[in-house]
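Enquirer: Below you'll find the structure I mean.
Residue numbers (this note's numbering): 36 to 247.
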């Protein structure tokens, strides 16, 4: 398998976590999206949406982190990243999508660049935008967790798709100095995940293309 990704991309980070949790070996191929390498002809020829991550596996190319992780979970079911029961799977997908579909889309790199380059928003205002939407989303995430039974991770006693999404989001939240106070269940799940080698190996500082 080949994973085209960027060390700081939270979507890429999600897939790296899933690969590490399942102990799957892959070739790490960096795509520097901050420099615009994903828009260049060589990568555009591989990726129809010119986004990261892109997984090459069994002669096929897969895009979108959530689809990639569910593919990996179906092909390599142990350890499972989704519960065995339908209700549990719905709960975990809802948590994961609260991050991947609600927080991430309005705070990802291309949106932040558009705010600065096209709308002429200054750095302070851009960061305020990020912190506002991230905090609001994490508060909603915390409320969802509060409705679930106590657990070590987001849902249950093993990491799931929800944790694959949560950890990268918290990394980015810390990078932008988002207020994380009062998010007890959320941060407890994050801390539990970061105690595991799989999450440590997948984090940005462990990536070959890591930059300060």
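Note that beta-carbon positions come from the ideal geometry of N, C-alpha and C, so glycine has one too.
Remember, it's a predicted structure, so these values are computed and weren't measured experimentally.
1. Using three-state DSSP, classify residue 91 as helix, strand or coil.
2. Taking residue 78 as part of the alpha helix (DSSP H), name the residues at either end of that continuous run.
3. Check for me: the beta strand (DSSP E) holding residue 39 runs from which residue to which?
4. How is the beta strand (DSSP E) around residue 62 delimited, first residue to last?
5. Do residue 63 and residue 36 have their C-beta atoms closer together than 8 Å?
6. Tell me the DSSP secondary structure of residue 133 in three-state form.
7. Checking 8 Å against the spacing of the C-beta atoms, do residue 45 and residue 167 come in under that value?
8. For residue 57 versus residue 107, is the C-beta spacing smaller than 8 Å?
9. When the Cα of residue 176 is compared with those of 205, 157, 158 and 156, which residue comes out closest?
10. Going by Cα to Cα distance, which pick from 195, 232, 120 and 186 is closest to residue 219?
11. Could you say which of 42, 59 and 39 lies nearest to residue 233 if we only look at CA atoms?
12. Any idea what DSSP makes of residue 100, helix, strand or coil?
13. Beta-carbon separation of residue 223 and residue 173 under 8 Å?
14. Take every Cβ of the stretch 115 to 122, pair it with every Cβ of the stretch 139 to 155, and state whether three or more of those distances are shorter than 8 Å.
15. How long is the line joining the alpha carbons of residue 243 and residue 43, rounded to whole angstroms?
16. Mind listing, in chain order, the continuous alpha helix (DSSP H) runs of no fewer than 4 residues lying wholly within the stretch 217 to 244?
17. Under 7 Å Cβ to Cβ from residue 189, same chain only, skipping five residues before and after it: list those, please.
18. Helix, strand or coil: how does DSSP classify residue 169 here?
19. Would you kindly work out how many angstroms separate the C-alpha atoms of residue 160 and residue 89, rounded to a whole number?
20. Near residue 228, what residues of its chain come up, given a Cβ to Cβ distance below 7 Å and the 5 sequence neighbours on each side ignored?
21. Figure out for me which residue from 217, 101 and 93 has the closest Cα to the Cα of residue 136.
Expert: A quick look at the data gives this:
1. In the structure shown, residue 91 sits in a strand (DSSP, three-state: E or B).
2. Per DSSP, residue 78 belongs to the alpha helix (DSSP H) from 76 to 79.
3. For residue 39, the enclosing beta strand (DSSP E) covers residues 37 to 40.
4. Start and end: 62 to 65.
5. No.
6. DSSP places residue 133 in helix when its eight states are reduced to three.
7. When the beta-carbon positions are compared, residue 45 and residue 167 stay at least 8 Å from each other.
8. The Cβ atoms of residue 57 and residue 107 sit closer than 8 Å to each other.
9. Of the candidates 205, 157, 158 and 156, the one whose C-alpha sits nearest the C-alpha of residue 176 is 205.
10. Per the C-alpha coordinates, the member of 195, 232, 120 and 186 positioned closest to residue 219 is 186.
11. Out of 42, 59 and 39, 59 has the C-alpha closest to the C-alpha of residue 233.
12. For residue 100, the three-state secondary structure derived from DSSP is helix.
13. The answer is no: Cβ separation not under 8 Å.
14. With a cut-off of 8 Å, the stretch 139 to 155 and the stretch 115 to 122 do not count as touching, because too few Cβ pairs lie within range.
15. One C-alpha to the other measures close to 11 Å.
16. You should have 219 to 229 and 232 to 237.
17. Same-chain partners within the cutoff: 130, 180, 195, 197, 198, 201 and 224.
18. Helix, per DSSP.
19. As the crow flies, the alpha-carbon of residue 160 is around 32 Å from that of residue 89.
20. For residue 228, where only same-chain residues beyond five positions count, the Cβ hits under 7 Å are 188, 194, 198, 202 and 234.
21. Taking only the C-alpha atoms, the option nearest residue 136 is 101.
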